[in-house]
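Residue numbers (this note's numbering), protein chains in the order written: chain A, -13 to 325; chain B, 5 to 344; chain C, 2 to 334; chain D, 19 to 520. Glycine is no exception: its CB is placed at the ideal position from the N, C-alpha and C atoms. Note that the structure is predicted; figures quoted are calculated from it, not measured.
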Amino acid sequence: MTIPAPTRTPTGSTVLDLVLRFRALGLLLALAVLVGATASVNARFLSGQSVRDLLFAAAVTVLLACGMTTVVLTRGIDLSVGSTLGLAAYLTADAMSGGVPVPLAVLIGLLVGLACGAANGAIVHFGKVPPLVATLGTLYVFRGIVYFTAGGSRVNASDLPGGFLDFGNGTLLGVPYLFLIAAAVLAVVALFLRDYRSGRDLYALGSNPEAAALAGIPAGRRLMTAYALSGTLAGLGGVLYAARFGTVDASAGYGMELDIVAAVVVGGVAIFGGSGTVLGAALGALLLTVIDNALPVLSIPPFWQQAIVGALILAAIALDRLVALRAARALRKKGSHVG
Amino acid sequence: MSDRAPADAAPLWSALRRFASWDAVIIAATALFLVVAASTVEHFGTARNAGHIIVDLAPVLLLALVMTLIVATGEIDLSVASTVGLTGAAMGWMWNHGIALETIMPLTVLLGALLGAVNGLFITGFGLPSLAVTIGTLALYRGLAYVVLGDTAVADWPRDFTGWTLGTIGDTGVPNIVVPLIALALVVGLVLHCTPIGRAVYAAGANPVAAAYSGIAVGRLKCWLYVASGAMAGLVGVFWTLRYSSARADNAYGLELTVVAVVLLGGVSIFGGKGRLPGVLAAVVLLTALQNALRLAHVSTETLTVVTGALLIAAVLAPNLLTAAGDALRSRRRRAAASL
Amino acid sequence: GGTTRGDDEGDGPTGTGGTANPDAEYRTGLSFAMLPKQVNNPYFEASSTGAETVAAELGGEYEFTGPSDASASSQVSYIDTLSQQATDVILLSANDPNALCSSLDQARSGGSVVVTFDSDVDPACRDLFVSQVDSAEVGLALLEMTAEQIDGTGEIAVLSATANATNQNAWIDVMRAELESNPSYADMELVEVVYGDDEDEKSFSETQGLLQAHPDLRAIVSPTTVGIAAAARYLSGSEYQGQVALTGLGTPNQMREFVKDGTVTEFALWDPTALGELAAYTGAAAASGIITGAEGEVFTAGDLGEYTVGADGVVTLGPPTRFNAENIDDFDF
Amino acid sequence: MSEAVPVVALRDVEKSFGAVRALRGAGLELHAGEAHALVGENGAGKSTLIKILAGLYRPDAGAIEIDGEPVDLHDPSAAIAAGIAVIYQEPALFGDLTVAENLFIGRQPRGRLGRIDRAAMDRDATALFERLGVLLEPDRPAKGLSIADQQLVEIAKAISLDARVLVMDEPTAALTSREVERLFDVVRALRAKGTAILFISHRFDEVEALCQRVTVMRDGAHVSTDPMGEVTVDELIRRMVGRELAAMFPRGEAAPGEVVLDVEGLASAERCRDVSFQVRAGEIVALAGLVGAGRSEVVQAVFGVAPREAGRVRVLGRDLPSGNPRAAMRAGVALVPEDRRQQGLLLDLSVMRNATLVRRGRLARFGFLTGAAEQREAAEWTGRLQAKYGRLTDPVATLSGGNQQKIVLAKWLATGPRLLIVDEPTRGIDVATKAEVHRLLSDLAADGVAVLMVSSELLEVLGMADRTLVMREGRLAGELPRADATEEAVMRLATGQTAEAR
Ligand SMILES: Nc1ncnc2c1ncn2[C@@H]1O[C@H](COP(=O)(O)OP(=O)(O)OP(=O)(O)O)[C@@H](O)[C@H]1O
Ligand SMILES: Nc1ncnc2c1ncn2[C@@H]1O[C@H](COP(=O)(O)OP(=O)(O)OP(=O)(O)O)[C@@H](O)[C@H]1O
Ligand SMILES: [Mg+2]
Ligand SMILES: [Mg+2]
């Protein structure tokens, strides 16, 4: 029996890169078209103030989308982000209005987020509760806690330190501080997920949990990291929310979770884990924010706006799917092993 | 394996565990709760209150029926509440245009089915994840509801019809709505547990590839389930509109999470392939009755929110912990026995 | 065949029946329950304080209960509960004018007095409505304040609460009608109505959208406390501060800062605590047989003074108070 | 040899799953530089023993020793740290990660600031694959690899760990002789370097070719350990099954009847082209070829689970529509797929539900299923195939690999097919059962069923087939009648060296 010597055909496959780049490209393209179209109707859309407003609005969504992405990559989901944000925002603002120094109050917000995230992680990992169930539960629980602590009271802008509010509304060279923070977080998380072993472990966990166990990947630690990160970023989001809006009551962040999930999905992160990037998710978040902001500018009647957002979400995921299908076909054509 | 050690308590344990399926646990818990609440909470045990509970739980129960099937196939439908809103709005629009209510009602259910078909086509036709698609249609359908009715409410529904939704069968004190509820629950229950279709539903949820290799048209099956879900949402749209005599774009806002919550609480696995309808029905009753009892006991809304969430987590956590504890106990016993 | 619109004429207002005894005393030991649109809302907390004081004064029991989401269906469940508990007086701010009717009917047939305040239901379904102000009066006041601030010319826009909010829609309708008919407003144009859903964030971004969509906008009218605060916060941090006028309905505590920094010149509101008080007195009066809800009946609402029941069983608190730099420090709510 | 301290020793290990006692006093010693075979029937406990060694399960009793010291392998990373690398029976890859990352997950080469050095990783992967003689691109995603390629990646991964102990649980079940040969070369090199090797296989030729020592297990217990040369295969089989074995390939003379399956010009998704053949009643036709030759694709396109791009498929003279397995089933076709976990079974559902899934419509009375009929049917067919399981209501996932395969067979045999397509029907099945399956196929053929069999095991192909169709790169390379079918002839067609050789 003769064994033909394998000859390796030099292919240098970059299909994967291409797909990833193309996906981001698609989002960028959609963004550009939307911005261009809106600006051509109403030039004010590109004015400094308007762009600033957009970045302000995007900052919190981008932050939360980063956290959500890390969780979704592990085949999880964090529906409690809105409630966590509300809790952190209220406790931070309340602490500040009670005279706690700003840095300490900010720390409180982050710790609250961390605690919420850790609770989610523990329920998911140690309790073996499916993430959707666990975080749907904590969505209610955390929101209930906000109701308990806040009741009908509200922290008004006048109760907060001026410096904190100035920071919330301040800009550096025209870019809001809040957005800079979000961008920095995005860069760090992106680097972590792409270039660090523990980041890759998250992809592995989401891609095939059983195989991850066999490969000795510490699932518990990684899951806790992902959920804690999501929680902490929601906490940070809460702090930024307080700084930006000044007024915080028990409803802060109510119903935000589905927007964030939508952003992540539009950004090309597979809802069943294992693939996607935070950059995509951030672009998804940005796209949805731009849509939200552009529709009123385009003088779309308010009753139509929500419908259009829904239709665009559908279009985005359908497009993404088409791209993925083409990529898969390309892969199949390349074959693998025919010697 | 014929020669089992007689001292091994494992068969007893696993028999017990098999008997004490989640279904049984949640049904028992519900029954226990009803008994305890009736004897401790003032006004809870009255026939009138039972009527209130039943009318209150109707929409969630109806939506949960089909949602159970959908979740059992490993999918989800987050757009149900928006579909209720849109079909209700459409109903109001038709009423405003002078169409007879007898015509409107079937048309509304049909519209629901169409909206469900849109979900189904996106999910099975394009192969998109249902969570993502139905988040999209959640926004789309609610938005369209506003497009249809705007900020107006249609409220001049004929009393014969609105009265029926709240009325009782003769003087029995049993709400009219009980009849269709039981009928639909029976139909869905039988289909899920006693027909080839039900087997196919579980198969599609447990392993869609293997199901396809077994000749099950998984895509078609799921698509029909979404149609059914939409039609049911249309039916709930009719019920909701008549029961509150008000067709508004924001009808049933946010109800989807409650429906998902009861389905999960009822022991249906979010990954598909597992779960039974009786558990879900018990979960619907438990949640509604619990909320009712807490209200009657002057407990604040906050507590209600927390309890709902905690219950949901506990429902899945408890059996897991029990199994883990049982396993630990057994292996300790075995280790001890082996070291003798 | 078939049942079409108009086949079924609703019954007229039922009224409480019976006759009023203007000289009767307020009954003691009444049970009061206030059911706001949603709990955890500072506005209703203030009303609740007022009602609670009255309840205590009259030696009654008091409960503040309700859903955490502002939906009619959740309110129905709460009404059912209250009617089971045979609460004497239900003070209700309705999320929907029609959806609550059947439950309210049940409650009333069980002997409860239903007084709506802030936001009414179909008059047939309640005994009395305590209106914060007359709808027409609010609409006119809003328009008047706006006109003063922009010299009666230019584009104006409305930032409302939810699209279905009964009050807001009524006021906006009054404004629309007045803009068309009143020659002194001929140069003003209402270009758009947007909805912030009484959510801070949404109102905030809707304000942004308005300003971008309408470069020539002169004024924003926000007839809701959440909306005006959000809009004020946006304006105060933007380049539009001082360029675009903002007025509407807001609470002094929330708006003080913006009046001081010049973002807002003048806005209006009634005192929600007083509204709560009046609602409680009205309910107690009806439960004590002092009034029945018929037009022209008179009762005394403690320190608030004497009130007369108007047409359709409406009791009106009084004209809205206008707040500006001169008087704002005199108020704390 | 036995005086040296074993690298790894398992002593008197016990393990139960609920009521099932998978291991009762199993033991094993592995020595440096020695390949040790572990054989036993399906469900004997081989995989369970390995999973204990891998740190996946903790034993209920017994000890694990490394270099004579007792250790506690509480999780897989502990086993990896102890120098134990495992190739599992079922490949488990990360579909979304690249092939290279699959190899090095958790230990990727790092560059500056601890960042992963992708270029280095791809280089290492390429080097590994060259060693194994495999053509796989390191930077393609693992998704879409055939089961054989997946197995090869698993092998490369385990080898790259440079472990002291290499455990292989049926690594060759999905491979053809070419890859097996390559694998063995590499394993022999490792063995020469002093690695201790544990090899599980149901193929005795492989065991003989690779191993120096062989341990037999039965019903979770250790039966014997001997140097390879000192026992015969027949003796091993007798110890495994506890009785003499019937003939392996019980094939009588075939008397082919009418044409049951007629395939003309079949093409599907670039993986097979222009395939035409016929299968007659009472005949067993084998599809042979190298891994990835497109055999599975052909049968999947025939059955309708893979889309057909061109060509026609006729069963008993009736055209089958494309992409419609239900129509195929109605026409009397059954397909036992190659990947039982992905395509064959609902792992979380019970044995009963799996066994009766395709018959659910027939078992219903007035449209309703009560459970009794399903139970009867399931008990009958799993019994006929002697599948070993606890209860009919146990999830299939708890069965051993071979017994899972029997459930898939039972599920399809119950439909009483006119045309039975089996794709790797005996993958992972022990000798005794394999003989059983072979007899079953023969009996079915004798009863007039047309059988189309895809197999990577040449012996099976040669022993069972009345005709052998050989595929190469998606096309039919030739057809061999039983008389001409020899190992050389098949391989020549499969590798495309016909012209040169002649
Ligand atoms: N997770 C589990 N839960 C319950 N039973 C199990 C589990 N894993 C294995 N078993 C049982 O343990 C026994 C041994 O299984 P194992 O997989 O070790 O067999 P094997 O020797 O590898 O067989 P094969 O050759 O078929 O792969 C079988 O009876 C099987 O049903
Ligand atoms: N899902 C898939 N995506 C991409 N390529 C695939 C897929 N399945 C199979 N292939 C490739 O298609 C070719 C033919 O595969 P097929 O499974 O039909 O071959 P086979 O002869 O049955 O081999 P095997 O022994 O691997 O089953 C192979 O190169 C295989 O790698
Ligand atoms: Mg095995
Ligand atoms: Mg194959």
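What do you reckon, is the C-beta of SER418 (chain D) under 8 Å from a heavy atom of ligand 1? Taking the fourth sequence and counting its residues from 1, one reaches residue 418 (chain D) at position 400. For ligand 1, at least one heavy atom lies less than 8 Å from the Cβ of SER418 (chain D).
Note down, in chain order, every chain B residue with its Cβ under 8 Å from the Cβ of THR124 (chain A). To locate residue 124 (chain A), count along the first sequence from 1; it is residue 138. Result: GLY313 and ILE317.
Going by DSSP, what residue range makes up the alpha helix (DSSP H) through PRO195 (chain A)? Mapped onto the first sequence, residue 195 (chain A) falls at position 209. Note, PRO195 (chain A): alpha helix (DSSP H), 195 to 200.
Would you mind giving the Cβ-Cβ distance between THR112 (chain B) and ASN123 (chain B), rounded to the nearest angstrom? I have them listed as a contact below 8 Å. Reading the second sequence from its first residue, position 108 is the one you call residue 112 (chain B). Reading the second sequence from its first residue, position 119 is the one you call residue 123 (chain B). Rounded, the Cβ-Cβ distance is 17 Å, inconsistent with contact.
So, for ILE58 (chain B): in the same chain, excluding its five sequence neighbours on each side, which residues have a beta-carbon less than 7 Å away from its beta-carbon? Against the second sequence, residue 58 (chain B) aligns to sequence position 54. Closer than 7 Å at Cβ, skipping near neighbours: PRO179, ILE181 and VAL182.
Assuming VAL205 (chain B) and ALA68 (chain B) form a contact by the criterion Cβ under 8 Å, report the distance between their Cβ atoms to the nearest whole angstrom. For this step, residue 205 (chain B) is matched to residue 201 along the second sequence. For this step, residue 68 (chain B) is matched to residue 64 along the second sequence. About 15 Å separates the two Cβ atoms, so there is no contact after all.
When you compare the CB positions of SER242 (chain D) and ARG257 (chain D), do they come within less than 9 Å of one another, or not? As a position in the fourth sequence, residue 242 (chain D) is number 224, starting the count at 1. As a position in the fourth sequence, residue 257 (chain D) is number 239, starting the count at 1. Yes, they are a contact pair.
Please decide whether SER83 (chain A) counts as near chain C, where near means a Cβ-Cβ distance under 9 Å. Stepping through the first sequence from its first residue, residue 83 (chain A) is reached at position 97. No - not a single Cβ of chain C is within 9 Å of the one on SER83 (chain A).
For ASP262 (chain C), the nearest candidate out of C:LEU250, C:GLY243 and C:SER94 (CA to CA): One-based indexing of the third sequence puts residue 262 (chain C) at position 261. Among C:LEU250, C:GLY243 and C:SER94, the Cα nearest to that of ASP262 (chain C) is on C:GLY243.
Nearest-angstrom Cα separation, counted from VAL234 (chain A) out to HIS215 (chain C): In the third sequence, the residue the question calls residue 215 (chain C) occupies position 214. In the first sequence, the residue the question calls residue 234 (chain A) occupies position 248. Answer to the nearest angstrom: the Cα atoms are 29 Å apart.
Just checking: is the beta-carbon of VAL251 (chain A) within a distance shorter than 9 Å of some beta-carbon in chain B? What you label residue 251 (chain A) is simply residue 265 of the first sequence in a count that begins at 1. Output row for VAL251 (chain A): interface = yes.
Straight-line gap, THR15 (chain C) to GLU243 (chain A) (C-alpha atoms, nearest Å): By 1-based counting over the third sequence, the position of residue 15 (chain C) is 14. By 1-based counting over the first sequence, the position of residue 243 (chain A) is 257. Legend: pLDDT at THR15 (chain C) = 45, less than 50; position of this residue unreliable, no value from coordinates given.
Any heavy atom of ligand 1 closer than 8 Å to the Cβ of GLN107 (chain C)? Start at 1 with the first residue of the third sequence, and residue 107 (chain C) comes out as number 106. No, Cβ of GLN107 (chain C) sits at least 8 Å from all heavy atoms of ligand 1.
Kindly list the residues whose CB is nearer than 7 Å to the CB of HIS49 (chain D), restricted to its own chain and excluding five residues on each side of it in sequence; keep chain order. If you number the fourth sequence from 1, residue 49 (chain D) lands on position 31. Taken in chain order, the residues that qualify are MET19, ALA22, PRO24, VAL25 and ALA214.
If you measure beta-carbon to beta-carbon, which residues of the segment 289 to 304 of chain B are closer than 8 Å to chain C? GLN295, ASN296, ARG299, LEU300, HIS302 and SER304
Take ALA81 (chain A) and list the residues in its own chain whose beta-carbon comes closer than 6 Å to its own, dropping the five residues that flank it on each side. Residue numbering aside, residue 81 (chain A) sits at position 95 when the first sequence is read from its first letter. Answer for ALA81 (chain A): ALA91 and ILE94, listed in chain order.
Who does THR233 (chain D) pair with in a DSSP beta bridge? Against the fourth sequence, residue 233 (chain D) aligns to sequence position 215. The partner list for THR233 (chain D) (beta bridge, DSSP) reads D:LEU56 and D:THR243.
Starting from GLY138 (chain A), trace the alpha helix (DSSP H) both ways and give me its first and last residue. Indexing the first sequence from 1 puts residue 138 (chain A) at position 152. Careful: GLY138 (chain A) lies outside any alpha helix (DSSP H) and carries neither H nor E.
I'd like to check one pair, GLU193 (chain C) with ALA162 (chain C): are the Cβ atoms closer than 9 Å? For the purposes of this step, residue 162 (chain C) is taken as residue 161 along the third sequence, with counting starting at 1. For the purposes of this step, residue 193 (chain C) is taken as residue 192 along the third sequence, with counting starting at 1. No. Outside cutoff.
Bridge partner(s) assigned by DSSP for MET489 (chain D): Stepping through the fourth sequence from its first residue, residue 489 (chain D) is reached at position 471. The partner list for MET489 (chain D) (beta bridge, DSSP) reads D:GLY307 and D:LEU494.
Which residues of chain A have a Cβ atom closer than 7 Å to the Cβ of LEU115 (chain D), listed in chain order? The residue you call residue 115 (chain D) lines up with position 97 of the fourth sequence. The answer, in chain order, is TYR189, ALA190 and SER193.
Once you ignore the five residues that flank ASN41 (chain C) on each side, which residues in its own chain have a CB closer than 7 Å to its CB? Position 40 of the third sequence, counted from the start, is the residue given in the question as residue 41 (chain C). For ASN41 (chain C), where only same-chain residues beyond five positions count, the Cβ hits under 7 Å are SER69.
Measuring only the C-alpha atoms, how far is ARG(-6) (chain A) from TRP290 (chain A)? In the first sequence, counting from the first residue as 1, residue -6 (chain A) sits at position 8. In the first sequence, counting from the first residue as 1, residue 290 (chain A) sits at position 304. Residue placement at ARG(-6) (chain A) is flagged as unreliable, the pLDDT there being 38, under the threshold of 50; the coordinate-derived value follows with that caveat. Whole-angstrom Cα-Cα distance: 57 Å.
Residues of chain B with CB under 7 Å from ALA375 (chain D), in chain order? As a working mapping, residue 375 (chain D) is identified with position 357 in the fourth sequence. As written in the sequence, residue 375 (chain D) is Leu, which differs from the Ala given in the question. Ordered by position in chain B, the residues that pass the 7 Å Cβ test against LEU375 (chain D) are ARG203, ALA207 and SER218.
Thinking C-alpha only, which one of D:GLN168, D:ARG182 and D:VAL183 is nearest THR190 (chain D)? The sequence position of residue 190 (chain D) within the fourth sequence is 172, counting from 1. Among D:GLN168, D:ARG182 and D:VAL183, the Cα nearest to that of THR190 (chain D) is on D:GLN168.
Could you check where the beta strand (DSSP E) with PHE31 (chain A) kicks off and where it finishes? The residue given as residue 31 (chain A) occupies position 45 in the first sequence. First-last for PHE31 (chain A): undefined, no H or E at that position.
Do LEU410 (chain D) and VAL376 (chain D) have their C-beta atoms closer together than 9 Å? Counting from one through the fourth sequence, the residue named residue 410 (chain D) turns up at place 392. Counting from one through the fourth sequence, the residue named residue 376 (chain D) turns up at place 358. Their beta carbons are not under 9 Å apart, which means LEU410 (chain D) does not touch VAL376 (chain D) by this criterion.
Does the contact criterion of 3 or more C-beta pairs under 8 Å hold for the segment 64 to 81 of chain B versus the segment 184 to 193 of chain B? yes
Identify the continuous beta strand (DSSP E) that holds PHE268 (chain C) and give its terminal residues. Along the third sequence, read from residue 1 onward, the residue named residue 268 (chain C) stands at position 267. 267 to 270 is the span of the beta strand (DSSP E), which, as asked, contains PHE268 (chain C).
Our contact map puts ILE165 (chain D) next to GLU356 (chain D) with C-beta atoms below 8 Å; I'd like the distance itself, whole angstroms only. Taking the fourth sequence and counting its residues from 1, the one referred to as residue 165 (chain D) is at position 147. Taking the fourth sequence and counting its residues from 1, the one referred to as residue 356 (chain D) is at position 338. Yes, they are in contact, since the Cβ atoms of ILE165 (chain D) and GLU356 (chain D) sit about 7 Å apart, within 8 Å.
Should GLY73 (chain D) be listed as close to ligand 1, given that the test is whether its C-beta is under 8 Å from any heavy atom? Sequence index remark: in the fourth sequence, residue 73 (chain D) carries index 55 (1-based). No, Cβ of GLY73 (chain D) sits at least 8 Å from all heavy atoms of ligand 1.
VAL38 (chain D): beta carbon under 8 Å from a heavy atom of ligand 1? Taking the first residue of the fourth sequence as 1, we reach residue 38 (chain D) at position 20. Yes, the beta carbon of VAL38 (chain D) sits closer than 8 Å to at least one heavy atom of ligand 1.
Residues of chain B with CB closer than 8 Å to the CB of ILE109 (chain A), please, in chain order. Mapped onto the first sequence, residue 109 (chain A) falls at position 123. Result: ILE317 and LEU321.
Looking at the structure shown, is PRO184 (chain C) part of a helix, part of a strand, or coil, going by DSSP? Working through the third sequence from its first residue, we reach residue 184 (chain C) at position 183. Of the three classes helix, strand and coil, the one that applies to PRO184 (chain C) here is helix, per DSSP.
Host beta strand (DSSP E) of LYS33 (chain D) (start-end): Within the fourth sequence, numbered from 1, the residue matching residue 33 (chain D) stands at position 15. Its beta strand (DSSP E) spans residues 26 to 35.
Return helix, strand or coil for PHE324 (chain C), following the three-state DSSP convention. For the purposes of this step, residue 324 (chain C) is identified with residue 323 of the third sequence, where counting begins at 1. PHE324 (chain C): strand per DSSP, three-state reduction.
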